[in-house]
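The opening position of the sequence shown corresponds to residue 310 in the numbering used here, with each subsequent residue numbered one higher. Don't be surprised by glycine CBs; every beta carbon is placed ideally from N, CA and C. One structure is given here, and the rest of the page talks about it.
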Amino acid sequence: MFTKAIVRAPGSNFATGLTSVNLGSPDLARALKQHEAYCHALELRGLELIRLAADEVHPDSTFVEDTAVLTARGAIITRPGAQSRLGEVTSIEPVLREHFEAINFIREPGTVDGGDVCEAGEHFFIGLSRRTNEEGAKQLASLLESFGYSSILIDLRGISNILHLKSGLAYLGGKRLVAIEALREFEQFSGYDLIWLNTDEEYAANCLFVNGKILMAAGFDDTTKQLEHLGYQTIALEMSEFQKMDGGLSCLSLRF
Ligand code: CIR
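Listed below in structure tokens is the structure:
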């Protein structure tokens, strides 16, 4: 069960952040509205929100998930792989210190974006990507091991259509994962029960299983049907403005 989540509303500079998708420029007012609805959905799932002030220096800072890996046994502050995002961790550290006894760090030359880290109970999938390098992934795996967790690497560097591992993968409890077709080639998922998404609904892979229900992006009917058929209850949230900036549902919070 999650009890808390760290969130940060987009700042006025939101539209100047990084993006690799060609969906146009985000509308800040709409993004703020979508962010508020997201926050409200987390509160309805029973999470107490820790709201950080908007960061006008770092346009991608609303995607707080990339700055840390939070587990029941300890916190790790990452070292984001994009130069413009490195400074985001500075304001995360004092907040985490209030809630975690020990804080660990990914050290240079390692880079890790939290979006590349998919927790599946006691096991973690770590994506090697344009943002998370081998050194960072190795450091992370060894920190997780010191907490008593296992992990495995997934090399995404040959897959062009996702920024992070969790752009294409989510954990839905038990042995269940939801994933995009491009991840089918990885034997690291064997032993798991996979739900494969239709290729035209891949953005829906970045969903969030929070305290028994799935928060997911609105507008993905086949995925919704698939999940509901399996007995999940889903909550649809408008994510259009974050999608324009390459972000998904999970990126907007750090749950613990
Ligand atoms: C970036 O490119 O870093 C941001 N515009 C989007 C980050 C999304 N984060 C995530 O998927 N965890």
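How about residue i and residue j: are their beta carbons less than 9 angstroms apart?
{"i": "F498", "j": "A491", "result": "no"}
{"i": "A479", "j": "L486", "result": "yes"}
{"i": "I504", "j": "L474", "result": "no"}
{"i": "S459", "j": "H432", "result": "yes"}
{"i": "G355", "j": "T312", "result": "yes"}
{"i": "L395", "j": "P389", "result": "yes"}
{"i": "L561", "j": "I401", "result": "no"}
{"i": "E510", "j": "D531", "result": "yes"}
{"i": "Y501", "j": "K522", "result": "no"}
{"i": "A346", "j": "L506", "result": "no"}
{"i": "R317", "j": "V373", "result": "yes"}
{"i": "L351", "j": "L358", "result": "yes"}
{"i": "G419", "j": "G445", "result": "yes"}
{"i": "R382", "j": "G430", "result": "no"}
{"i": "A527", "j": "M548", "result": "yes"}
{"i": "H408", "j": "F565", "result": "yes"}
Assuming residue i and residue j form a contact by the criterion Cβ under 8 angstroms, report the distance between their Cβ atoms to the nearest whole angstrom.
{"i": "L437", "j": "I415", "result": "The pair is not a contact, with the Cβ atoms about 14 angstroms apart (cut-off 8 angstroms)."}
{"i": "T380", "j": "V398", "result": "The pair is not a contact, with the Cβ atoms about 17 angstroms apart (cut-off 8 angstroms)."}
Identify which residue in the options has its Cα closest to the Cα of residue i.
{"i": "G326", "options": "R339, T371 and T532", "result": "T371"}
{"i": "V421", "options": "K534, P319, T376 and D509", "result": "T376"}
{"i": "G424", "options": "A411, R382 and L517", "result": "L517"}
{"i": "A384", "options": "N322, L453 and G445", "result": "L453"}
{"i": "A340", "options": "E357, E352, N331 and P368", "result": "P368"}
{"i": "I285", "options": "S469, K447, N470 and S455", "result": "The structure shown has nothing for residue 285, since the chain only spans 310 to 565."}
{"i": "Q392", "options": "R439, L332 and Q542", "result": "R439"}
{"i": "T441", "options": "R466, G457 and E428", "result": "R466"}
{"i": "L536", "options": "G557, N520, D336 and A513", "result": "A513"}
{"i": "A314", "options": "T508, H349 and R382", "result": "H349"}
{"i": "E428", "options": "D336, D364, L449 and A526", "result": "L449"}
{"i": "E494", "options": "T508, G483 and I468", "result": "I468"}
{"i": "S334", "options": "Q343, F323, K342 and H344", "result": "F323"}
{"i": "G556", "options": "M525, F434, L405 and T533", "result": "M525"}
{"i": "E496", "options": "F434, S559, V519 and N470", "result": "F434"}
{"i": "E417", "options": "K342, E443, D364 and L337", "result": "E443"}
Bridge partners of residue i, per DSSP?
{"i": "G436", "result": "I463"}
{"i": "L561", "result": "None; L561 has no bridge partner."}
{"i": "G383", "result": "T380"}
{"i": "K522", "result": "V519 and Q542"}
{"i": "V426", "result": "I435"}
{"i": "R360", "result": "V316"}
{"i": "L503", "result": "L486"}
{"i": "Y480", "result": "L486"}
{"i": "I412", "result": "A384"}
{"i": "V421", "result": "R388"}
Applying the criterion that 16 or more other CB atoms from any shown protein chain within 10 Å of the CB defines a buried residue, is residue i buried or exposed?
{"i": "H538", "result": "exposed"}
{"i": "V330", "result": "exposed"}
{"i": "Q552", "result": "buried"}
{"i": "M310", "result": "exposed"}
{"i": "L353", "result": "exposed"}
{"i": "T508", "result": "exposed"}
{"i": "G320", "result": "buried"}
{"i": "L332", "result": "exposed"}
{"i": "S451", "result": "exposed"}
{"i": "N520", "result": "exposed"}
{"i": "V366", "result": "exposed"}
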